[in-house]
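There are 2 protein chains.
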Amino acid sequence: MGRNVTARAHRLREMADLRGGIDLGGTKIQTAVLDPRGKVLGEARIQTPISGGPEDVAAAMAEALREAAGEAGTEPAALSGVGVGSPGGVDESTGTVTGARNLPGWNGTFELGNALEEALGTKVRVGNDVQVATEAEFHLGAGQEFGSILGVFWGTGVGGGLILDGKPWLGRGAAGEIGHMVVQRDGAKCPCGRRGCMEAYAGRAAMEAEARRQHKEGAKTDLFKLMRKHDRDRLTSGIWERALDANDHLAEDLVHRAIEALGTGVASAVNLLDVEAVILGGGLGVRFGERYMEPLMREMNKHLFRDDRPPAVRVASLGDLGGAIGASLLFAR
Amino acid sequence: MGRNVTARAHRLREMADLRGGIDLGGTKIQTAVLDPRGKVLGEARIQTPISGGPEDVAAAMAEALREAAGEAGTEPAALSGVGVGSPGGVDESTGTVTGARNLPGWNGTFELGNALEEALGTKVRVGNDVQVATEAEFHLGAGQEFGSILGVFWGTGVGGGLILDGKPWLGRGAAGEIGHMVVQRDGAKCPCGRRGCMEAYAGRAAMEAEARRQHKEGAKTDLFKLMRKHDRDRLTSGIWERALDANDHLAEDLVHRAIEALGTGVASAVNLLDVEAVILGGGLGVRFGERYMEPLMREMNKHLFRDDRPPAVRVASLGDLGGAIGASLLFAR
């Protein structure tokens with residue numbers, strides 16, 4: 001009997017140590033419930049609401065977390081905490097998110113942490129989506145063997161995260177904007193409104209805009225044919241891959257241009273910080289990381305001040321769950 | 334009598350806590366001896382040897398330190414330690430310096446720390462010149478009110494130093510190369526051999542090379558006339574200033590071009606690190622910092638991702654002694 005009581009107490013303690021993570025993206029919300037060792041016990045994924053406002057997004061996030069908790073055999077209120085990785089301007093100390101451009105009606109500031117604490121009945125911490133994904137790779141993924149890493153998330157935009165000497169570096173709260181490091185003064189227009197940012201060449205959104213522009217001007221490409229054939233409304237990383245597999249010249253040109261910008265911007269960052277490793281994640285990063293590793297390293301090495309010992313470059317290994325796992329780690333910092 | 338003995342013991346302890354600092358530059362060696370509060374008790378400055386090898390440079394450094402110690406009423410062996418700020422590739426753990434391009438015969442690796450310990454009879458630590466100057470500004474100069482700073486030393490080249498959350502960030506030993514962050518892919522040739530680095534536009538050496546090129550091609554300028562008149566063999570910051578005061582168009586163009594590159598590169602660094610403040614030092618930085626603060630901020634703000642709250646920008650306040658003071662702080666880290 002003693003043993004049974006102990007086992008049950010142990011199990012209760014274990015359950016109380018479960019944590020939730022929510023990765024809030026522009027197209028999907030991914031949630032996960034993890035044990036203290038980072039093992040995923042339950043997960044769920046839903047579409048991000050495309051209308052309404054922050055309250056509706058928060059409600060959808062809570063629902064998706066409830067689903068993951070159910071799969072893990074628990075409920076949100078029993079979790080020791082839920083972390084959130086969010087786009088936009090995140091204030092970790094207050095849990096507010098400001099100006100999340102890709103989310104509906106989210107131009108102002110919303111108290112996301114408070115709203116979720118109320119909905120879930122447990123503590124909530126909010127961090128930057130790319131930063132927490134970097135922390136996940138550092139603790140549980142491709143960055144485990146290093147002490148200092150730069151996470152580069154190559155997707156719709158290009159985001160960055162930093163771990164220096166084992167600790168997240170957030171600056172005044174907005175560090176890691178590697179996508180807006182300049183690679184070409186007075187260069188291409190960036191979705192952020194400025195000119196010459198790395199993202200203006202490498203971000204999926206910017207690549208698509210440039211493909212449309214050149215296509216309109218008569219450049220031959222099957223990119224948009226493939227998009228319609230596969231019933232997409234934008235050039236996803238999968239569409240780009242199909243076009244590359246078919247030796248589509250415009251696709252090749254634009255991916256090469258993206259790789260040049262990535263290599264240049266990453267080299268600039270490494271010249272400044274001299275980190276041990278660069279972890280390449282994001283939709284395009286994961287899909288093309290291995291395929292374009294050699295040209296990426298070549299472009300990077302052109303600009304590395306210490307090209308005799310470039311940093312290690314690794315593709316992120318946690319996949320689509322990385323963001324949610326990293327968010328849950330906000331309770332392990 | 335008791336009081337006298339105590340006073341003398343106290344004085345001995347005080348003297349034992351004195352530290353030395355040596356700033357090793359391409360044209361001069363500046364030394365200083367400081368009390369534990371950072372007050373300079375003695376200093377000396379000599380020309381850097383222009384021939385011979387690292388041994389000769391080390392001997393000159395030891396001599397200059399001896400002179401500063403003498404002025405402070407002590408001798409090198411009585412100091413608790415001597416710090417050195419050196420150009421080239423510095424290994425702090427071994428005190429070696431590799432490939433100091435501006436110093437005579439210093440292409441290989443030289444055990445500078447060991448050589449100086451032998452010559453001076455006290456402990457010696459060697460750090461990167463720009464990093465220790467940044468640390469001096471952080472602890473005793475223009476950066477005192479901030480927790481995280483980027484030091485930008487605008488001189489013959491453009492060097493950088495980092496203090497993050499109160500601590501020096503060295504990366505794998507070569508962090509801070511802000512001068513080799515790229516501002517223009519496939520841009521101007523940099524003294525480092527690469528293309529498009531910030532230093533290729535903003536470094537004094539690169540500015541002079543461009544001035545010579547344009548002058549040869551027929552551009553009007555009094556820069557070289559002023560140089561000869563003031564008996565210089567290069568365009569010093571003072572010569573640039575005289576030309577600007579006389580509204581020399583080429584000088585104005587090239588300084589503006591340098592400011593554009595500086596603003597762009599610093600903005601990139603701030604987007605990545607989100608530091609609280611930027612400290613602008615170096616020969617050109619100190620001479621032109623206030624004069625060009627407004628255009629510099631304007632160029633920087635063009636590229637700042639968070640342009641709603643730019644970092645503070647301050648001109649370095651420790652002057653020519655900053656490097657030597659910072660070097661002595663290697664014993665206070």
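Going line by line, the protein sequences match chains S and E.
54 is the number that this note's numbering gives to position 54 of the first sequence; each next residue is one higher, with no gaps.
449 is the number that this note's numbering gives to position 116 of the second sequence; each next residue is one higher, with no gaps.
In this text, a Cβ means the ideal position worked out from N, Cα and C, and glycines have one as well.
No experiment lies behind these values; they were computed from the predicted model shown.
Asked	Found
6 Å Cβ shell around P387/E - same chain, five flanking residues per side excluded	W439, F443
Boundaries (first-last residue) of the alpha helix (DSSP H) holding Q464/E	462-473
Reference I383/E, options G359/E, E376/E, D368/E, closest by Cα	G359/E
Cβ-based contacts, 9 Å cut-off: residues of the segment 575-606 of chain E near chain S	E593, A594, T597, G598, A600, S601, A602, V603, N604, L605, L606
Residues near T429/E in its chain [Cβ-Cβ closer than 8 Å; skip 5 each side]	V423, T442, F443, E444, L445, G446, V459
Cross-chain neighbours of A507/E in chain S, by beta carbon under 8 Å	D274, F305, R306
Exposure of A657/E, with buried meaning 16 or more beta-carbon neighbours within 10 Å	buried
Spatial distance of M1/S from P36/S (CA atoms)	Residue placement at M1/S cannot be trusted, given a pLDDT of 43 that sits under 50; what the coordinates show is reported in the next sentence. Distance between the alpha carbons of M1/S and P36/S is about 27 Å.
Cβ contact (3+ pairs, closer than 8 Å) linking the segment 459-472 of chain E and the segment 567-574 of chain E	no
Burial state of T489/E (16 or more Cβ within 10 Å)	buried
Exposure of H513/E, with buried meaning 16 or more beta-carbon neighbours within 10 Å	buried
Inter-residue CB distance, C530/E and V515/E (contact presumed, cutoff 8 Å)	6 Å
Three-state secondary structure assigned by DSSP to E692/E	Here chain E comprises residues numbered 334 to 666, so residue 692/E is not present and cannot be evaluated.
Close beta carbons around F146/S, own chain, < 6 Å, minus the five adjacent residues each side	E276, A277
E376/E - containing beta strand (DSSP E), residue span	373-380
Interface flag, K39/S vs chain E, CB-CB below 8 Å	no
Contact set between the segment 148-181 of chain S and chain E, restricted to residues whose Cβ is under 9 Å from the partner	S148, L150, G160, L162, L164, D165, K167, W169, L170, G171, R172, G173, A174, A175, G176, E177, I178, G179, H180, M181
Nearest to A60/S (by Cα), restricted to the options R45/S, E252/S, A267/S, L34/S	R45/S
C-beta neighbour in chain E for V126/S, strict 8 Å	no
Same chain, Cβ closer than 6 Å to A64/S, neighbours up to 5 away in sequence not counted	I29, T31, A44, I46
Cβ shell of T455/E (< 7 Å), same chain only, five flanking positions each side left out	P409, A410, L412, G414, V415
Any C-beta of chain E under 8 Å from that of V183/S	yes
Rounded Cβ spacing between G20/S and E137/S (contact assumed at less than 8 Å)	Not confirmed; about 19 Å, so no contact.
Nearest residue (CA-CA) to L497/E, options T467/E, R561/E, D581/E, T597/E	T467/E
Terminal residues of the beta strand (DSSP E) in which G486/E lies	Just to set this straight, residue 486/E is Phe in the shown sequence, not Gly. Per DSSP, F486/E belongs to the beta strand (DSSP E) from 482-487.
Within chain E, partners of K189/S - CB distance below 7 Å	The contacting residues do not exist; K189/S stays about 13 Å from chain E at best.
Residues that K225/S contacts on chain E, provided the C-beta gap is smaller than 9 Å	Ordered by position in chain E, no residue passes the 9 Å Cβ test against K225/S, which lies about 31 Å from the chain.
Where N634/E falls, given that 16 or more other Cβ within 10 Å makes a residue buried	exposed
F110/S - DSSP class collapsed to helix/strand/coil	strand
Chain-ordered residues of the segment 351-367 of chain E with a beta carbon less than 8 Å from chain S	none
Runs of beta strand (DSSP E) wholly within the segment 479-551 of chain E (minimum 3 residues, chain order)	482-487, 491-497
Environment of G176/S [buried if 16+ CB atoms lie within 10 Å]	buried
Endpoints, the beta strand (DSSP E) within which T597/E is located	Here T597/E belongs to no beta strand (DSSP E); instead the alpha helix (DSSP H) covers 582-606.
Sequence-distant residues of its chain with Cβ nearer than 7 Å to A72/S (five each side left out)	L18, V33, L41, G42
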